[in-house]
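In what follows, a structure is listed as structure tokens, so that the remarks can point back to it.
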DNA sequence: GAGGCCATGTAACATGTTACATGATTGT
DNA sequence: ACAATCATGTAACATGTTACATGGCCTC
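Chains as they are written, first to last, in our numbering: chain A, 22 to 204; chain B, 22 to 204.
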């Protein structure tokens, strides 16, 4: 239920409408906690009902500006202090790897090769982002850099793993390729 | 919708009941694709309706043994050959990191320290598992080792990242700690 | 006055979790 | 006969996705 905390967090140093929060999300949190527009408007209403935010102003087109309440601030603090259980990862890639012997050698190489490319692309994307951050060192930038670093390291790890895994596959193929020639 | 493919995959080289599949899951796939009992029975019924599996035998206590059909085999092959889109990661840890400046220094250190411990524990668990696999080299063991290696590398990456991140935090603290003394 | 953005919402559906319900069979 | 295990299922709820609906405001 952490979309709730993401929204509370964004409201800490500014009041904003659902629409504003959506935009903020897309340019910041989207990569660690994707959420759709539907979800956000729904959650904001629930947040208001629960008294964690207030509708502090009504604007032009039915615009509702939300402001964090003390109760909301408390909830956010509680969440930050609470343990973060390791969440079970659901990975389609690893599921395919589990059944890799059901695929042809070409398919297996394609699966790993594709992931390697994806990881490289992701790494480049994040590198560019980090470069754009520049030498700033405000608290927000420090946080951002720490999160970014996670993504960079993950991408490197996946890239290297995919290469390694493809190499593990190779011997099997040599055997399969040699056998028909020998018979 | 990959629970479906996980079940099809498990049925490739054996027929089994829902109960059997549940057990198999818990001792193998659970770490890459967690699923509950409820979900599996439901999915098996849907799989049977769709003609991807057959109820090949009925046993003692209403036991239904499922067997993969040709259509099911095709669907599995199709899935393996289809691209694996990188799935957006939803990470509560990274969400907290994003808001790390809202926490006290102690809280921030606790969050990262806890993750470091979790990563170390996970690494130990997987190391033990790998040791138990031994020197076998059947196709299943090769797959298993590749998946395991992913987990090991991920755990190492998280451990190192958490240490690095904690170090990034330190300067901020020194400033905060030094300032009162200077005044 | 038209197109683009601002702004919020609903409906239908898919997926996943927890808890509960029910009962048969097997081994001791 | 009792407990453990086998075996399947339903109900309620939470979360998340996609698509659609509706309309106001602003700028050119």
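Quick reminder that beta carbons are idealized off the backbone N, C-alpha and C, glycines included.
At least one C-beta of chain A is nearer than 8 Å to the C-beta of residue 26 of chain B.
The beta carbon of residue 63 of chain B sits no closer than 8 Å to any beta carbon of chain A. The beta carbon of residue 163 of chain A sits closer than 8 Å to some beta carbon of chain B.
Of all residues in the segment 113–126 of chain A, the ones placed with a Cβ closer than 7 Å to any Cβ belonging to chain B are 113, 114, 115, 116, 117, 118, 119, 120, 121, 122, 123, 124, in chain order.
Residue 48 of chain A does not reach chain B, its nearest Cβ partner there being about 12 Å away, counting only Cβ pairs nearer than 7 Å. Cα atoms of residue 95 of chain B and residue 68 of chain B: separation of roughly 13 Å, rounded to the nearest angstrom. For residue 43 of chain A, not one C-beta of chain B is nearer than 8 Å to its own C-beta.
Residue state for residue 162 of chain B is assigned as helix, using DSSP reduced to three classes. Residue state for residue 141 of chain B is assigned as helix, using DSSP reduced to three classes. Around residue 170 of chain B, the beta-carbon contacts reaching into chain A at under 8 Å are 182, 185, 186. Against residue 74 of chain A, chain B offers no close residue; the least beta-carbon distance is about 16 Å (beta-carbon pairs closer than 8 Å). With respect to the C-alpha of residue 72 of chain B, the residue from B:105, B:29, B:131, B:184 having the closest C-alpha is B:29.
Judged by DSSP in its simplified three-state form, residue 79 of chain A adopts strand. Where residue 89 of chain B is concerned, the enclosing beta strand (DSSP E) starts and stops at 85–89. In the structure shown, residue 103 of chain A falls within a coil segment according to DSSP collapsed to helix, strand and coil. The continuous alpha helix (DSSP H) containing residue 61 of chain A extends over residues 58–70. Assigned with DSSP and collapsed to three states, residue 38 of chain A falls in strand. Chain A places a beta carbon closer than 8 Å to that of residue 97 of chain B, counting this residue as a contact.
Not one beta carbon of chain B lies nearer than 8 Å to the beta carbon of residue 58 of chain A. In its chain, beyond the 5 residues on either side, 151, 154 have a beta carbon closer than 8 Å to the beta carbon of residue 166 of chain B. Counting only Cβ-Cβ distances below 9 Å, residue 135 of chain A has contacts in chain B at 104, 105, in chain order.
No Cβ-Cβ contact shorter than 8 Å links residue 123 of chain B with residue 121 of chain A. DSSP lists A:89 as the beta-bridge partner residues of residue 74 of chain A. For residue 53 of chain A, no alpha helix (DSSP H) run applies, since DSSP gives it neither H nor E.
For residue 108 of chain B, the closest Cβ of chain A is nearer than 8 Å.
Between residue 57 of chain B and residue 81 of chain A, the alpha-carbon positions lie close to 47 Å from each other. For residue 33 of chain B, the residues of chain A that pass the 9 Å Cβ criterion are 120, 123, in the order they occur in the chain. In the displayed model, residue 157 of chain B falls within coil according to three-state DSSP, outside both helix and strand.
Here DSSP, grouped into helix, strand and coil, assigns residue 173 of chain A to helix.
By the C-beta density criterion, residue 33 of chain A is exposed, having fewer than 16 other C-beta atoms within 10 angstroms. In the three-state scheme derived from DSSP, where H, G and I count as helix and E and B as strand, residue 191 of chain B is classed as helix.
Pairing residue 109 of chain B with residue 111 of chain A gives a Cβ-Cβ distance that is not under 8 Å.
Inter-residue distance for residue 179 of chain B and residue 113 of chain A is about 20 Å (C-alpha atoms, whole angstroms). Per DSSP, the unbroken alpha helix (DSSP H) holding residue 119 of chain A starts and ends at 113–119. Note that the segment 166–177 of chain B touches the segment 185–193 of chain A; at least 3 beta-carbon pairs, one per stretch, sit closer than 8 Å. Following the DSSP letters along the chain, one finds residue 123 of chain A in no alpha helix (DSSP H), marked with neither H nor E.
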